[in-house]
Amino acid sequence: MTLTPAGKLLYRHAKTLLREHEEALQELAQFVGGLTGTLTFGASTIPGQYILPKLLAQFRRQFPSVAVTMHLGASGQILDGVLGGEWELGIIGARPREPLLHIVPLWHDEIVLIVPSDHPWAQQGEVPVRELVRQPLVIRERGSGTRSALEQFLAQHGISLSQANIAAELGSTESVKQFVAAGDGVGVVSIRAVECEQDLQKLAVVRLREGRILRRFYGIAWRNRTLSPVARTFWNFVTESAKADEAKVESTERQRQGGGSRSRQRR
5 MTLTPAGKLL YRHAKTLLRE HEEALQELAQ FVGGLTGTLT FGASTIPGQY ILPKLLAQFR
65 RQFPSVAVTM HLGASGQILD GVLGGEWELG IIGARPREPL LHIVPLWHDE IVLIVPSDHP
125 WAQQGEVPVR ELVRQPLVIR ERGSGTRSAL EQFLAQHGIS LSQANIAAEL GSTESVKQFV
185 AAGDGVGVVS IRAVECEQDL QKLAVVRLRE GRILRRFYGI AWRNRTLSPV ARTFWNFVTE
245 SAKADEAKVE STERQRQGGG SRSRQRR
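Its first residue numbered 5, the sequence shown is counted upward by one per residue in the working numbering.
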């Protein structure tokens with residue numbers, strides 16, 4: 005069954021009515037001294053799997069009457085969901101070029117290469133980018149922020165992803181990790197996906213000699229649409245958490261650089 009044009013029109017209005025009904029219930033609950041309702045939003049796979057679960061648990065401890073539903077997908081899918089009105093908020097791994105959206109920078113991230121622990125590159129640490137395109141690559145699907153960051157980096161060095169030897173395009177980071185751990189190919193993933201000790205026993209992290217592949221995660225919402233009380237509270241919670249995390253990272257980096265400078269002075 006498919007919707008007729010009239011059905012599509014009614015569906016759009018029905019979604020608006022349901023959203024406004026939920027917002028009214030949340031505002032009334034807030035008026036009498038509590039925050040209640042359902043938080044429904046979309047997130048791309050890296051923040052959705054490796055950053056947000058911990059934050060959602062913290063958020064729920066502060067607001068135990070809020071139920072949470074998080075939809076995972078590629079960055080492009082989450083962007084389409086926010087633009088289409090499926091979710092009020094989205095958190096994605098590539099900055100969209102969309103003037104209708106309010107876009108807030110959140111956490112920094114690094115894209116790295118992974119190889120099996122017995123791969124010839126495992127002990128090298130760095131390899132030239134020209135060597136990368138000769139290897140069987142295991143990458144994320146089109147629309148993924150991880151893939152977009154790789155494509156942009158390669159383009160800066162005069163290389164198109166179409167020149168690479170692509171062995172597999174997979175729909176999740178975990179699939180890429182498992183594929184590579186089984187002994188085939190060079191994977192491209194977020195560093196956040198391979199930080200645990202168990203992963204590092206099976207996989208080795210390799211970087212490109214020409215520089216690091218850096219990107220940022222972003223929060224997105226409609227620019228001229230008022231967020232529901234639950235969504236607005238979560239938006240503020242996430243942005244403040246990201247600011248605190250980035251401040252810790254900057255402080256650690258300054259201490260590391262300061263330690264390196266003192267070491268050189270002593271020598």
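Note that beta-carbon positions come from the ideal geometry of N, C-alpha and C, so glycine has one too. It should be emphasised that the depicted structure is a prediction, and the values quoted were computed from it without experimental measurement.
Under the three-state reduction of DSSP output, R211 falls in the strand class. Residues of the same chain with a CB within less than 6 Å of the CB of L56, apart from the 5 flanking positions on each side, are A47 in chain order.
Y222 has I96 and P109 as its beta-bridge partners, per DSSP. Of all alpha-carbon atoms in S179, G175, L141 and D188, the one lying nearest the alpha-carbon of S166 is that of L141. Rounded to whole angstroms, the separation of the alpha carbons of G191 and V180 is 6 Å. Assigned with DSSP and collapsed to three states, H161 falls in coil, not helix or strand.
In the structure shown, the three-state DSSP call for S152 is helix. With respect to the 8 Å criterion, S79 and I107 are not classified as neighbours on the basis of their beta carbons. Under the DSSP assignment, V192 falls in the beta strand (DSSP E) whose first and last residues are V190 to S194. The beta-carbon distance between G223 and V242, rounded to whole angstroms, is 6 Å. This is short enough to meet the 8 Å contact definition. By the C-beta criterion, the segment 233-241 is judged to be in contact with the segment 83-100, since at least 3 inter-stretch pairs fall below 8 Å.
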